[in-house]
Each structure stands twice: as structure tokens, then as C-alpha cells.
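Below you'll find the structure, written out as C-alpha cells, and then a few comments.
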Amino acid sequence: MTGFEGWSRVAECLEAQADEADAAERAGVGSALLDEGQRASVRVIAERLREGCRAQLVADEVGMGKTRIAVALIVAVRRSGGRAAIVVPGGLGAQWQAELRRFDRDDRTLLPLRSYESFVMGYARPGEGNLADGWQARRDAQLRDRRQQRELPEGDWRDETTVMISHAFARMRFPMSADGEPSWRRALMPAIVGMIDENLRGRDEAERPATYRVARAAYETRHIEPLEIESVRDWRDPTSDEYRRAVLPVIGRALGRFDLVVVDEAHKARGEDSSLSRILGPVIWESADPFRLGLTATPVELDADQWRNTLARLFGRDDDAEAAAKAVATLAEPISAYAEAARKLRAEPLGEAVVAAFEAAAARFTQALAPYVIRRDKRSDQELHAFEQQHGSYRRVAPVSVLPEDMERDWLRAFCAAEALSLLPQSDRSVKRLRLTVEKGHGLDKLIVENAAEPAGAERDFWSRNVRPGAGATLFEHPAILAAVRTIEDAVAKGRKVLVFGTLVAPLRALTRLLDARALLRHLADGRHWPARGVGKDAVDAVRAALRAPDRPSGAPESLDAVDALLAERYEAERQARERNRERIHAEILELRGQDPIAASIAEIWEKPDTRESPDTSRIGLLLEALESRLARGADARGRTPWTTERLLAETRALIAELSAGAGDRFAEDDKPEPANGGVQTRDLLASHLDEYSGREGSFARLLYGATAPQTRRLLQAAFNREGSWPMVLVAQSTVGREGLNLHDECRTVVLLHAEWNPGVVEQQIGRVDRKNSRFLKDFRGNAWRETGEPPRIDVHCIRVEGGYDSLHWSILLDRWKDLRAQLHGDVVAPEDRERARTDPELARLVERLDAAAPDFHPRPKWGAQRPGSGVADDVPKMAEA
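Right, dumping it as C-alpha cells:
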């Protein structure tokens, strides 16, 4: 890599990329890497680089392609001889790799650096030294071919032009070993001290060569502060936190200097001592003239002052902290004044004075943030603008109210009793948590699902007598869960897929199992195939609840035993028909094994015994089950399509392609198994998938939560994005599914089972389906809806238990959501004022002024309609809000 050629060269590269995308779009040759809005953003960044700006926040609304803009900048920096660090949530590494490969097919950026072990092992060679019992042995096989596991560098970290670092990397701990002696984790600082003293003993290099190489790499930079390090002579004394503070700068020096730092989800972990803040502090070692780029759709979530916190991360450098603090301080007054003016618009009648005050505050706010912020939102999307001009908002957010008068007596009594507990002194925090989450289903699962001990103390008798919702009650009858089931099944009946979000795992699991149990009964009643030979142990209670339901489908079995018997009968008939078909396919596969590598892989799997209990005599049954879980339903009268050899080969190729696309932690790009090539790696990858395949229990509805394996998450995402295939319902725990997942190909219905406190989280959740080329946009572009005149929308259903704590929670969230939309979307006019403006000319004039004054950070290059000498028109119009 040559030396860094400077930011003027980077600006030229950025503009060249934008010009190339312009030309590709005009020529109609393939799809341009950068769309219209992204090209405008890239050009603005290029302009600001030339002006000396070294911090930018790309705060585009969810789903508008921020990552692509960042990758364009990374590529420009690398072409100019620079290095880039990308600080990302750990689970987004594969998606960043995919975006980098769009610009360079040969890109070999590693997965995010996640742990201290991986950092040290980046300097190891196969068979060298021992870090911890068993750890070295597990790594040696991978180290023999570093390219295949795509986590560690082929040389060392300083050789990588782009390094991804997980947000969680700096959570590392440095405990003492059980016998009080320093462990391998504490070997780095003594090695550095030894180098400073020039007395490092040879045994250190021999026993811990990887650690020695780290120390040597850091020491050779000549940027280690010797006095601070030498002040500690015995590294057994410092606490884990003290050792970490000392070692983080050493790690940073060993990683090498970076010219560009990209911070994805820059709003997260705002605390000064959070892992992300540590990474952006002592770990990242920047060049003399670095650039920081932040990416976030929600730079402000709960408090307008969070603008300052987010931007401070981009201004901050350890060697210029005072200047950064001054820059951030200048933003305080404009930000707070704008937030207060926006609140007054909702609290006071619209009039000349309040509108004029807002105009002045909005102008100062825009002027203060404009040098640092680029934000494209849906106001700048011509297609959505046209929709809203004709049909109103393309999002339809509606509460699904669970009313007291619609509840059964026992449930109403339980909810009222939980509310009454708020009148008692709260000495037990666990009891308070149970009380506050009863309406969400969490507190009740402790009583009626897990049979946990009841609360102790003054609340015990009252709780056990009143909050428990009656004998025989289960979480499957919880009113909020039943309301969610009705809402979801109504959408699925119209052919839609549904994405559900919630915070508490127990009710999410109950919802998933109940949806599956009800789907099972519908299939049996209609004579359709259900892929199971009996009711699984974990599904028994859900099936019983579905059998008790008053809307149990006509013709369905009436008892659990009858369900089991009918499933067994149909499965056996299906198995016999399949066995006859398989014999023919097996013979054809054996004939093709010498010609088709995929056929060879299938033949090898066919010969292996099935490790699971099954009537089938080979693993081919498991492969077919895994393939069928990916396919659209209802292909024939019984809901399945007969297998043929051609279909088996085609579906296996498609599965291998999906597994390969998500196998960044196993294979390098040029080592990944190609669907047409087969080979040892293909067979290993397919066999590994079958070993991990969890079966199809819960396949109509699937739960995505913390314990879901990464590979399963990728496959669920791919299946949910396929038309007609299961799962039709994806139930996601908020912390797992709200960021980084693209779930928009076939879904435009979102159900929020639990209220959040943070409206930014809700925007992220809806953003999973509100993205470029979403199902909503595809449906709108089609003509089917024109027959009825009712256009498609993104439907957001909020499950809300009225009259208690849950309704209060929702009201607080909605109020905060209005603040967020005023900050980020320019949505400052109350809906009722906008409606009255239709018939009130004076009010309409005020509303028009407010819309015009709303902050707008859309990227518009200063060269206006055409950049001199380029011949490239700027066709990014300023869109007025609908």
C-alpha cells in the first residue's frame, strides 16, 4: 500500500464514483452502485472534504442506503492509499462484507474483531504458544488456512487496509488466574515494559510468541508512553479495569493508524465508559489528519440534546479534546431552542407569534447542524412524495385496543389486582417488575407457566389470591396475545407475511407456539399436509389452548390424542408415497453422481444414517425436510409438491447458495462453495446445516431471539423474504431483530406486541420493512390495487391493553415519537391542525410556513444544478413535504 495521498485525492475518487453511477444509469447498463440520493451525498462529502471538514454524520432515514455511501468513501480512501476502520455491531459484519464486495469483487475485509483472544491470535502462527487450555487447539486448524475462516489476518492487523471492529470489542476483561499468577491475558504489558527496558528475556518470546509480536508491533510505532507504563512494575496488582485502561492504547498501536473511521449505529452506547466509547478513544489510533464518518438513522431518540452526544463522537480526538468540546458546545443552544419551539407547536394554538418563533429556532438549528449532518428522509423520495400527495401517509399506524369490557372476568380481575398493587409500598423490585408487566404477559408466566414461587412479604397473599387469573389459565389465553393472534391471522389470510416485535421472551414464545398450533388445526381441518408426525412436547399446551378456543376450525380434531393420531396417520401415508418416489430419484442421483457434483454431494448424504429418530433409513429425509421448509406452501391439494430429481438438484443448489452467502465466518470469498461446483467444502457445509437443522416445529411462525444461532438467523431472514414460503410470521425480540436485518422483500405488516420507551427503536423496527424496493413499493407499482382504489400501505398494529399501565406506557411512547419526528422528519404540525387547515385558509397559510421552515439536511451540492465542467446534472429536487 502506498502512502496516503490526502483528502483532495479522496474527493476526486468520490466524484468519479458518482459520475460513473450517473453514466451507468443514463446508459441503462445494469444497476448503478449509487442511486440518485446516494450520489448527491457522496458529492457533498467530497465538497466538505475539500473545505477541510473532517467529521460528518450521515443520518438518513432507515432503509435509504447509508452503508452504500460509507462504502463509497472507504473505497475512495483505499484507492488513495489510506486505511479505514469500521466500528460496527458484531452481527452486521456479513452485510458490510457484502456491500464492500459490490464495489470490489476481490475485497477480503475480515469479519469484525470481537475479542482480545482474536486480536492476539492475529499475530499467531499455527502451532505456536498456548493462550488458554483448549483454545489454541481449537484455533490451530483454522490458522493453517486463515483465508477460510475469515476472522484473522493473513499477516497481522497492520497489513489490513480495512479493519472491522465490533462495538463490544473493548468489553474485554483481564482477571488474575486462580492461583493468583498472571494469566496469558496479562502478558502484554510486561512484554512492553521489557522492550522499553531492553531486557525482554528470550523465554517470553518463546513461550508467548503471539503476545510478543503484539508488543513488538506496538513498541515499534514509538508512540507508547514509557513513563506511564513503567510506573507499574508488577502487573499482578492492577484491577481488571485498570489493566484494561493501560492496555487499550497498546492494542490501538498494534492495530496501526487509520485515516478514516466509520462508526455504524453511531447513536448506540452513549456512556463515556461504554465499549464503543473506549474504541473511539484509546483503541482507534488515527493519522495526523483523520476523518470520522458516523452512520445512524436515529441520532436523537429521547432527548434533543442527544444530537450533541452523537456528534461529539465524530469531533472527538484525544489530542484535540478542547477544540472538540468547543465545537460541540456551540450546538447546545440551537438544539434546545428548536426542541422547545417544536413542543410549543403541539401545546399552543397555532398563531403568528408561535409560528414566527419556530421559524427563527428552526433556522438557527439548521444553520448549526448543516455543516456536519447529511440526512435524506422519505420527503426526498419522489415515489413516496407522489403517494402522499394523492393518498396521504403511506404508513398506517393503528392501535389494536384490548378493552376491559372484552376481557373474561378472571383476566380482568387479574389486571385490576395488579394495578391495585401500585397502592402498596414497593419494597421488592421483583414484585414491581411483575406488576408492571402483567399486561404484557411477563409477570403471569412466572405464576401460570413456570409455577415459580409467589412473591414474598406483604404482597404475597394478595398476589396469589387475586393476580393469578383462575385455575387452568395459561399464557395462551392472555388477552393481548389473543388480540395479536387475531391481527396476525387476518393479515396472513390476505396473503401477507407479518413481522412481530416485542421485548419479553416468554409472551413472544407463547405467541409463536399458539400461532403454529392454530395453523396446525387449520391444516388438519382442510385436509392439507402438515410437516410433523405428532405434536412436539413443547407444543402440547399451545395445541390444547387452540383446541379450547371458541373459533376452533370446523372439522378439526377435538382432542390432543385425536390430533396426534391424525398426524401419525397422514405422516405414514405420506412417508410410504415418498419412499416409492425416493427409490426412483435415488437411482437417478447415482447415475448423475459422476457428472454433477451436487448429485455427488446428495448421494453421499443419502448413504449416511439419520441421527434423529425417524422412520426413514437415511439422512435424505432430513435433507428433504430442510428443503421443504424453504418452499412456498399450497403447491397441490395437500400443500406440498412431489419431488423429482431435477427439483431436488435445483433446490439443493439454491440452499447451498444461501448457506454460502452467509458463510463469511467459514470461507473466504474465492474459497466459498459455488452451487455449481460442489466439492468437499460444499458437502461439509451442507452436512453442517443438517446437523444444526432444528426441524420444522414452529415453521409457520418462528421466534428470533438471543439464543437463535447466527446461521439460523440468516436462514430465517432468507426464508421470510421468499414469497409464500414459511415462516409466514417472524416473531422477533426487539434487541435482536430491530437493526441490520432486511425483512422487506415480502412483508409490509408489522405488529408491536409490547410498547418501547425509545421511539428510535420503533423507527428501527418499522424500518425492517420500510426500505428500498420493499413489498409495499412493489405492490404500489403494480395495478392490482387500482381495481378497488385502496392503495397498499405499510401497516403498523400496536397491541394496547387499555385502562392500565400498558396504556400509559403507549401514551408516553407516542408523545416521544412526536418529538422524534419533529427532530428528524420535520413533522411538526399536529394532525388535527393539518386537517383543519383544509377548510381554514389562514391556518393553511401558517401550516405552509411551518412545512417550509422545518429543518432539512438533504444533500445538495453547492455547484447547484450542474457542477462546472462535469456535464453531470444535479437532478435531486427539493421536495416539499406532502
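Here my numbering is used: the first residue of the sequence shown is 3, the next is one more, and so on.
Where a beta carbon is used, it is the ideal one built from N, C-alpha and C, also for glycine.
Secondary structure at residue i, three-state DSSP: helix, strand or coil?
i: PRO240; result: coil
i: PHE503; result: strand
i: VAL303; result: Note that residue 303 corresponds to Glu in the displayed sequence, not to Val. Here GLU303 sits in coil by DSSP.
i: ASP291; result: strand
i: CYS800; result: strand
i: CYS418; result: helix
i: MET123; result: helix
i: PRO401; result: strand
i: THR751; result: strand
i: ARG148; result: Low confidence applies here, because ARG148 scores a pLDDT of 43, under 50, leaving its location unreliable; read the following figure in that light. Helix.
i: PHE260; result: strand
i: ILE607; result: helix
i: ILE194; result: helix
i: SER701; result: coil
i: ASP829; result: coil
i: ALA34; result: coil
i: ALA734; result: strand
i: ALA57; result: strand
i: ALA548; result: helix
If you draw a straight line from the alpha carbon of residue i to that of residue j, how long is it in whole angstroms?
i: PRO292; j: ARG70; result: 20 Å
i: GLY497; j: GLY54; result: 53 Å
i: ARG146; j: GLU288; result: Confidence at ARG146 is low in this model, with a pLDDT of 46, below 50, so the placement of that residue is unreliable and no value is reported for it.
i: GLU479; j: LYS442; result: 12 Å
i: GLN2; j: VAL73; result: For the chain, the structure presents residues 3 to 884; residue 2 sits outside this window and is missing.
i: PRO794; j: PHE778; result: 6 Å
i: ASP307; j: ALA372; result: 16 Å
i: GLU156; j: VAL90; result: 22 Å
i: GLU7; j: GLU162; result: 18 Å
i: PHE360; j: LEU852; result: 8 Å
i: LEU526; j: GLY557; result: 8 Å
i: ALA100; j: ILE591; result: 34 Å
i: ALA602; j: ARG580; result: 21 Å
i: GLN97; j: GLY67; result: 12 Å
i: ARG515; j: ARG103; result: 39 Å
Short check: CB of residue i to CB of residue j, under 7 Å?
i: LEU549; j: ALA512; result: no
i: VAL537; j: ASP566; result: yes
i: TYR221; j: MET197; result: yes
i: TYR125; j: ALA212; result: yes
i: ILE286; j: PHE859; result: no
i: VAL46; j: PRO857; result: no
i: VAL302; j: GLN825; result: yes
i: GLY65; j: ASP772; result: yes
i: CYS1; j: LYS499; result: Because the chain here runs from 3 to 884, residue 1 falls outside it and cannot be looked at.
i: ALA703; j: LEU517; result: yes
i: GLY92; j: ARG127; result: no
i: SER242; j: ARG187; result: no
i: LEU352; j: ASP817; result: no
Would you grab the beta carbon distance between residue i and residue j for me? Rounded to a whole angstrom, and I think it's under 8 Å.
i: PHE317; j: ALA86; result: The pair is not a contact, with the Cβ atoms about 19 Å apart (cut-off 8 Å).
i: LEU754; j: PHE503; result: 6 Å
i: LEU59; j: LEU313; result: 6 Å
i: LEU626; j: TRP608; result: Between TRP608 and LEU626 the Cβ distance is about 11 Å, and since that is not below 8 Å, they are no contact.
i: SER931; j: PHE171; result: As displayed, the chain neither begins before 3 nor continues past 884, which places residue 931 out of reach and without an answer.
i: VAL399; j: ALA485; result: The pair is not a contact, with the Cβ atoms about 16 Å apart (cut-off 8 Å).
i: ALA358; j: ALA339; result: That belief does not hold up - the Cβ atoms of ALA358 and ALA339 are roughly 13 Å apart, past 8 Å.
i: ARG160; j: LEU257; result: 7 Å
i: SER736; j: GLU758; result: 7 Å
i: LEU1; j: LEU262; result: The requested residue 1 does not occur in the structure, where the chain is confined to residues 3 to 884.
i: ARG366; j: PRO336; result: 4 Å
Can you say whether residue i is buried or exposed, counting buried as having 16 or more other CB atoms within 10 angstroms of its CB?
i: THR489; result: buried
i: SER10; result: exposed
i: GLY805; result: buried
i: HIS169; result: buried
i: THR111; result: buried
i: ALA13; result: buried
i: ALA327; result: exposed
i: TRP728; result: buried
Does residue i get closer than 7 Å to chain D when you measure Cβ to Cβ?
i: ARG546; result: Reference to chain D is not applicable here, since this structure consists of a single protein chain.
With hydrogens ignored, establish whether the beta-carbon of residue i is closer than 6 Å to any heavy atom of the ligand PLP.
i: GLU63; result: This structure lacks the ligand PLP; in fact it carries no ligand of any kind.
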